[in-house]
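Counting along the sequence shown from 1, when you hit position 250 you're at 243 in our numbering, and nothing is skipped either side.
By construction, the Cβ of each residue, glycine as well, lies at the ideal position given by its N, Cα and C atoms.
These numbers come from a predicted model, not from an experiment.
Worksheet: one structure, shown below.
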Amino acid sequence: MASPFPRGWIAPALLCVFAVSSVFLFTKSSSLEKQNRRLTGESTRLQQLIEQLRQSALSVERPLTEQVALAAIETENSALETEMERVRAEMNEAREEKVYLEEMLINKVRELESLSGAAAPAAAPALKAETKDLQEKLRERDDQVQKLTERNTALLGRIHRLYKLADQKIAEINVAKMTLDETVSSARKVLEDEWNTVDLGQISASGIPVAGPSEKSPEARGPKLQGRVLAVNHDHGFVVVDIGTVDGVTPETEFLLQRKGQTVGTLKVLEARDLMTACNIRDAAAGVKVAVNDPVLIRK
């Protein structure tokens, strides 16, 4: 009796399935690998942005909200790196499974080629079942690759959002630094203008003439232990006082803010110049708002 199955039809069919599946999986895997490399590169750039944010913040005291925002960026970046490791692991697993399925298909094709014509019809149902099972597994791998691709896309979206947050924080700190420089420059000009316009001439004590401030340079004056507030920046929480490095101010110096002879707050040095110092407001008493001309003392 003639065989209902044309001789040699199963091997070409399996080869066709194998070829189509291999090409599809290869394309998907290549696309996933490219996205993963891109994700790795952008994560590296994010780390650089965070480091830049830290370095920029060294010269300016950040408000609590900015500290919280930076901590959130670092936490999310850590979660992103963990997610990337998971994607890599699953991608490696998918590749190993793909290689395994390809080897099985090759073995089945060889097995079919080795069968005689009479044995082929009897073995066909079992081979069909095995082929169907292989095809189902290949579809599962395709679904897995698709999910990994979608996860990569989601991770890229998160990275872009982190870029925006980091850039925003860097911009805020740069604005704060510019404001600090402008305030210090303005205060220096005010102090120099006052110094140049005030002329007490000469006074006499017990008949001995004494030169006024206009007759000696600022560098010649003795160190000051007390002064006053020249400028205030409430938005960024710092002030400028008229005591500087010529008075012995160092980065460790602290000032006491005075009101009616009482200490109502402390000032921490941010940046010291010759004749003035920018300070961060610390430990101000409740309800106290620093104002221009408030007295300050160097804490001994």
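Check whether residue i and residue j have beta carbons under 7 Å apart
i, j, result
"ASP276", "VAL239", "no"
"GLN251", "PRO288", "yes"
"GLY237", "ALA265", "yes"
"LEU94", "LYS130", "yes"
"ARG134", "GLU90", "yes"
"LEU127", "MET84", "no"
Residue range of the unbroken beta strand (DSSP E) whose run includes residue i
i, result
"ARG266", "Note, ARG266: premise wrong, no beta strand (DSSP E); not H, not E."
"LEU218", "Here LEU218 belongs to no beta strand (DSSP E), and DSSP marks it neither H nor E."
"GLU247", "247 to 252"
"ILE291", "288 to 291"
"VAL234", "231 to 234"
Option nearest residue i by Cα separation, candidates the options
i, options, result
"ALA72", "ILE152, ALA122, ARG134, GLU143", "ILE152"
"ASP235", "LEU260, HIS229, GLU67", "LEU260"
"GLU123", "MET97, ARG144, ARG134", "MET97"
"ARG221", "ASP228, ILE291, GLU264", "ILE291"
"ALA278", "ALA65, VAL257, ASN70", "VAL257"
"THR243", "ASP228, LEU223, GLY254, LYS293", "LYS293"
"GLN219", "ASN286, LYS282, THR68", "ASN286"
"GLU143", "MET77, ASN273, LYS253", "MET77"
"MET269", "ILE99, LEU223, GLN161", "LEU223"
"PHE248", "GLY254, ASN100, ASN273", "ASN273"
Anticipated Cβ contact below 8 Å, residue i with residue j, distance rounded
i, j, result
"ALA284", "VAL233", "So it is not a contact: roughly 13 Å between Cβ atoms."
"ILE66", "LEU155", "6 Å"
"THR246", "VAL225", "Their Cβ separation, rounded to whole angstroms, is 19 Å, which puts THR246 and VAL225 out of contact at 8 Å."
"VAL80", "ASN145", "6 Å"
"ALA87", "VAL138", "6 Å"
Cβ of residue i within 7 Å of any chain C Cβ
i, result
"LYS140", "The displayed structure is made up of one protein chain only, and chain C is not part of it."
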